[in-house]
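In case it helps, the UniProt record's numbering puts the sequence shown at residues 1 to 259.
Note that the Cβ used here is the ideal one computed from N, Cα and C, for glycine as well.
Written out below as structure tokens is the structure these notes cover.
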Amino acid sequence: MKSEIKKKLDKNFSERRLRNSSIDLSVLKHYKSYAKTFADIHNGIAVLSDLTANWSYTYLGTIAERLHLPADEKKLEINGIWEDFLLERVYPDDLAIKHALELQFLDLVKKMDPAERFNYQANSVLRVEGREGQIMQLSHQIFYLDTPGPEFPQLALCCYTLLPETETSINLRNYILNQVTGVVHHLDGYGAKTSISTREKEILSCIKEGMISKRIAEKLGLSINTVNRHRQNILQKLRVRNSYEAVSVFNKMQQDILT
């Protein structure tokens, strides 16, 4: 089932004025070449989406082998704008945050002067299951590309690269970046609210106060097993190793929301 956020994105990308426009073949060829070069140099994955034609061109670097993707097919063409062959492997919480950030990004740049909007990108971190069942972290970046004509956006480029296994809090900040000025727009409150439930926030507050699972269970009227299950879910969602890191990272996420 599609989320409401993804439905809003799809609605934006299927507007009649956009679908009635088209991209010059020389412009498309230029960006296809760039996408392939990115995948080759960074050993990553690049997806170039033609929003006017509802069509995508996918270029797979060697990281595809670790993800058990068809690396022998260096180029895939997709009848659509979503790379579901990859996104279906992403943790649901991370995917929800990715979609929320992309909608915020689109809303932001659509209001800008055309000369400014192409200076921006949106960055997020996604957990993906690898070929051998291991959890891998991918950096995802999305750009809207400069094309002639009044319609926007016509082309989008998504780039995926592998992050170090030890990368945690610094990359938990899903954000929009002005590449020229360095100004950052943080994800609004939707992301954290989607990822961490109300009950998990209560448990995090208890952990912050130094309570052990037995005391938390007594305070919240839960069984110890339920508390421990919530604690494990929190570690997985925040991609941290222990409760101390979980409290630290969640506090940072809340600060980012208020920024």
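Using three-state DSSP, classify residue i as helix, strand or coil.
i: Thr161; result: strand
i: Phe143; result: strand
i: Glu218; result: helix
i: Glu77; result: strand
i: Glu129; result: strand
i: residue 262; result: Absent from the model: residue 262. The displayed extent of the chain is 1 to 259, so no value can be given.
Determine the extent of the alpha helix (DSSP H) in which residue i is found, giving its start and end residues.
i: Arg231; result: 224-238
i: Leu95; result: 92-110
i: Asn12; result: 4-13
i: Ala115; result: 114-117
i: Ser205; result: 198-208
i: Leu86; result: 84-87
i: Ile63; result: 63-66
Can you find the residues in the same chain that come closer than 6 angstroms, C-beta to C-beta, to residue i, ignoring five residues on each side of it along the sequence?
i: Met136; result: Val128, Gly130
i: Ser243; result: Ile207
i: Thr161; result: His42, Gly44, Ser139
If we call anything under 8 angstroms between Cβ atoms a contact, is residue i one with residue j?
i: Leu86; j: Ile45; result: yes
i: Ile196; j: Phe105; result: no
i: Phe38; j: Cys159; result: yes
i: Glu83; j: Val47; result: yes
i: Glu200; j: Leu220; result: no
i: Glu102; j: Ala115; result: no
What are the start and end residues of the beta strand (DSSP E) that includes residue i?
i: Tyr31; result: First-last for Tyr31: 25-42, but that is the alpha helix (DSSP H), not the beta strand (DSSP E).
i: Ala46; result: 45-50
For residue i, count neighbouring C-beta atoms within 10 Å of its own C-beta (all shown protein chains included) and say buried if the count is 16 or more, exposed if not.
i: Pro153; result: buried
i: Glu209; result: exposed
i: Arg16; result: exposed
i: Leu258; result: With a pLDDT of only 45 at Leu258, under the threshold of 50, the placement of this residue in the model should not be trusted; the figure read from the coordinates follows. Exposed, because fewer than 16 other Cβ atoms sit within 10 Å of the Cβ of Leu258.
i: Lys98; result: buried
i: Lys237; result: buried
Near residue i, what residues of its chain come up, given a Cβ to Cβ distance below 7 angstroms and the 5 sequence neighbours on each side ignored?
i: Leu163; result: Val125, Gln137, Leu138, Ser139, Asn171
i: Asn178; result: Asn119, Tyr120
i: Lys32; result: Leu48, Tyr57
i: Asp146; result: Phe118
i: Lys11; result: none
i: Asn79; result: Trp55
Might you give, ordered along the chain, the residues of its own chain that have their beta carbon closer than 8 angstroms to the beta carbon of residue i, omitting 5 neighbours on each side?
i: Lys193; result: For Lys193, the predicted model reports a pLDDT of 48, less than 50, meaning its position is unreliable; a value from the coordinates is still stated below. None.
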